[in-house]
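Q:
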Amino acid sequence: YSSISIDFGDGNSTSALNSTHRYDTTGILFPSLNMTQASTNCKVTIRDTLYIFDVKARISVKPLSGCTPITSTLVNKSEGYSSYLWIVNNNTGPALDSFETSFNQAGIYPIQLIIDSPEGCKDTINKDIEVFPLPDIVAIKDTGLCIGDSIELFASGGIDYQWNPIEFLSTPKSARTLAFPDTSTLYSVNVTDSKGCKASVQVHVDVQQVPSPSFLKDTNLIIGERLQLNARAGFNLIYRWRPPDGLSCTNCSDPIAQPLNTTRYYVNISDPLGCFSVQDSILIEVKEAYSLDVPNGFSPNNDGVNDVIYAKGWGLKELIAFRIYNRFGEMVFESTDFNVGWDGKYKNELQNIETYVYTVEALTYGDEVISKKGNISLLR
14 YSSISIDFGD GNSTSALNST HRYDTTGILF PSLNMTQAST NCKVTIRDTL YIFDVKARIS
74 VKPLSGCTPI TSTLVNKSEG YSSYLWIVNN NTGPALDSFE TSFNQAGIYP IQLIIDSPEG
134 CKDTINKDIE VFPLPDIVAI KDTGLCIGDS IELFASGGID YQWNPIEFLS TPKSARTLAF
194 PDTSTLYSVN VTDSKGCKAS VQVHVDVQQV PSPSFLKDTN LIIGERLQLN ARAGFNLIYR
254 WRPPDGLSCT NCSDPIAQPL NTTRYYVNIS DPLGCFSVQD SILIEVKEAY SLDVPNGFSP
314 NNDGVNDVIY AKGWGLKELI AFRIYNRFGE MVFESTDFNV GWDGKYKNEL QNIETYVYTV
374 EALTYGDEVI SKKGNISLLR
């Protein structure tokens with residue numbers, strides 16, 4: 014044949030015998046091979062039928078990008094398929110036409126859908142979900158200032174800033190703002206970056222107020238008595254008491270004082286920031302008075318009233334011995350502790366109603382021994 018041509022059936026043709034053609038249409042086409050012999054003008058046409066099926070993979074991903082964390086909805090909108098397979102971030106997805114998938118970390122996550130038609134045709138579509146990180150905020154650490162002072166708050170990591178609460182701030186919409194609060198305040202700054210992602214951090218500003226101590230007035234004690242001093246003037250303050258003699262602590266707000274001589278105690282109150290320092294004092298006049306007493310009766314009947322008998326007195330430093338005897342001269346009780354008294358029992362048995370004899374010796378804060386003896390009536 015002197016000439017040969019191929020009609021692909023879609024409006025395209027070629028004279029090349031060995032050729033490859035891509036069909037972009039669907040339906041039934043009729044390609045043909047046309048041959049002509051010039052000398053005889055003989056023409057031969059060979060026709061065929063070509064069936065082209067429409068198989069198109071399509072997906073909808075919304076949103077396709079966003080800030081951490083993100084939840085996207087994936088929908089299969091393909092045509093001409095009989096089966097499909099989702100691949101989400103390199104893992105097999107659910108066998109659903111529509112579902113949600115979430116990502117909690119920044120990154121690019123591949124989404125792929127593979128479809129098959131009943132005729133064995135395949136198509137694949139790929140998309141990426143981009144997850145943006147939240148702003149990496151660098152801000153001032155928790156801090157403090159003296160009342161009446163100001164401090165600059167600052168943050169970075171974005172393009173838009175909003176500080177709250179806005180009271181006592183010079184420029185609450187700036188990365189840097191001057192704060193002058195009159196009370197301790199917890200500030201938060203909301204930061205937005207160029208992707209529209211938002212994050213926030215908090216900054217606590219402790220405002221040191223002027224200490225306002227509440228003192229006891231000057232007072233007096235009998236030697237050996239105790240008195241709790243209270244100079245509490247607020248929180249997070251530093252206390253220094255002097256002199257240390259007779260105090261349970263010198264760096265607390267409320268030491269217990271037990272002076273043996275008339276003493277004026279001084280306290281200095283300051284704060285860790287060095288904003289303020291106040292002083293005051295209290296005079297405790299100590300009187301020397303000594304006594305040793307034992308009640309003349311008690312009623313150990315468990316009614317909560319006068320059930321135990323004690324040796325007590327003024328100006329006593331130590332109980333040397335408190336002894337009680339029955340009418341036969343047998344000792345039924347002994348103690349060397351002012352806080353331990355007789356409950357009317359001897360050898361775990363409640364004793365009879367009668368009169369008992371006691372002897373008691375104690376050492377005073379003047380280092381003198383005083384003693385006493387007498388009778389006790391056990392009543393019911």
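Heads up, my numbering is the position in the sequence shown plus 13, with the first residue counted as 1.
Cβ atoms here follow ideal geometry from the backbone N, Cα and C, with glycine treated the same way.
In terms of residue numbering, what span does the beta strand (DSSP E) encompassing residue 290 cover?
A: Indexing the sequence shown from 1 puts residue 290 at position 277. From DSSP, the beta strand (DSSP E) with residue 290 extends over 290-300.
Q: Please give the ranges of any beta strand (DSSP E) in the stretch 316-359, keeping only runs that are unbroken, at least 3 residues long and fully inside the region.
A: The stretch 316-359 contains these whole beta strand (DSSP E) runs: 325-327, 329-338 and 344-348.
Q: If you drop the 5 nearest sequence neighbours on each side, which residues of the same chain put their C-beta closer than 6 Å to that of residue 355?
A: Counting from one through the sequence shown, the residue named residue 355 turns up at place 342. For residue 355, where only same-chain residues beyond five positions count, the Cβ hits under 6 Å are 322, 337 and 346.
Q: Apply the 10 Å Cβ neighbour rule to residue 285 and answer buried if 16 or more other Cβ atoms are within range, or exposed otherwise.
A: To locate residue 285, count along the sequence shown from 1; it is residue 272. Under this definition residue 285 is an exposed residue.
Q: For residue 242, count neighbouring C-beta atoms within 10 Å of its own C-beta (all shown protein chains included) and say buried if the count is 16 or more, exposed if not.
A: Counting from one through the sequence shown, the residue named residue 242 turns up at place 229. Looking at its Cβ environment, which holds 16 or more other Cβ atoms inside 10 Å, residue 242 is buried.
Q: Measuring only the C-alpha atoms, how far is residue 191 from residue 247?
A: By one-based count along the sequence shown, residue 191 stands at place 178. By one-based count along the sequence shown, residue 247 stands at place 234. Going by the C-alpha atoms only, they are around 26 Å apart.
Q: Buried or exposed, going by whether 16 or more other CB atoms sit within 10 Å of the CB of residue 182?
A: On the sequence shown, position 169 is the one that residue 182 refers to. It counts as buried.
Q: Would residue 68 pass as a contact of residue 93 if the rule is Cβ separation under 8 Å?
A: Here residue 68 is taken as the residue at index 55 of the sequence shown, counted from 1. Here residue 93 is taken as the residue at index 80 of the sequence shown, counted from 1. The answer is yes: Cβ separation under 8 Å.
Q: Straight-line CA distance for residue 385 to residue 343?
A: Working through the sequence shown from its first residue, we reach residue 385 at position 372. Working through the sequence shown from its first residue, we reach residue 343 at position 330. Straight-line Cα distance between these residues: approximately 19 Å.
Q: Count the other C-beta atoms from every protein chain shown that fall within 10 angstroms of the C-beta of residue 268, then say buried if there are 16 or more, exposed otherwise.
A: Here residue 268 refers to the residue found at position 255 of the sequence shown. By the neighbour-count rule (16 or more Cβ atoms within 10 Å), residue 268 is buried.
Q: Residues in the same chain with beta-carbon distance under 6 Å from residue 135, minus the five sequence neighbours each way, listed in chain order, please.
A: Locating residue 135 in the sequence shown gives position 122, where the first residue counts as 1. Same-chain partners within the cutoff: 129.
Q: Measuring only the C-alpha atoms, how far is residue 42 from residue 65?
A: As a first step, residue 42 must be located in the sequence shown, where it is residue number 29. As a first step, residue 65 must be located in the sequence shown, where it is residue number 52. In a straight line, the C-alpha of residue 42 is about 8 Å away from that of residue 65.
Q: Taking the beta carbon of residue 83 as the centre, do at least 16 other beta carbons fall within 10 Å, making it buried, or is it exposed?
A: For this step, residue 83 is matched to residue 70 along the sequence shown. Buried, by the Cβ-count rule.
Q: Counting C-beta neighbours from all protein chains within 10 Å, is the total for residue 206 16 or more, i.e. buried, or is it exposed?
A: In the sequence shown, counting from the first residue as 1, residue 206 sits at position 193. Looking at its Cβ environment, which holds 16 or more other Cβ atoms inside 10 Å, residue 206 is buried.
Q: Using the rule of at least 16 other Cβ atoms within 10 Å of the residue's Cβ for burial, across every protein chain shown, is residue 80 buried or exposed?
A: Your numbering for residue 80 matches position 67 in the sequence shown. Residue 80 is buried by the Cβ-count criterion.
Q: Can you give the beta carbon distance from residue 371 to residue 307, rounded, assuming they're within the 8 Å contact cut?
A: In the sequence shown, residue 371 corresponds to position 358, counting from 1. In the sequence shown, residue 307 corresponds to position 294, counting from 1. About 6 Å; that satisfies the 8 Å criterion.
Q: At what residue ranges does the stretch 22-110 contain a whole run of the beta strand (DSSP E), taking only runs of 3 or more?
A: Listed in chain order, the complete beta strand (DSSP E) runs (minimum 3 residues) inside the stretch 22-110 are 40-42, 45-50, 55-60, 63-65, 72-75, 78-80, 83-89 and 96-101.
Q: Report the start-end ranges of each beta strand (DSSP E) in the stretch 142-189 that is 3 residues or longer and not cut off at the edges.
A: Segments of the beta strand (DSSP E) lying fully in the stretch 142-189: 156-159, 164-169 and 173-177.
Q: Could you check where the beta strand (DSSP E) with residue 126 kicks off and where it finishes?
A: Mapped onto the sequence shown, residue 126 falls at position 113. Note, residue 126: beta strand (DSSP E), 120-129.
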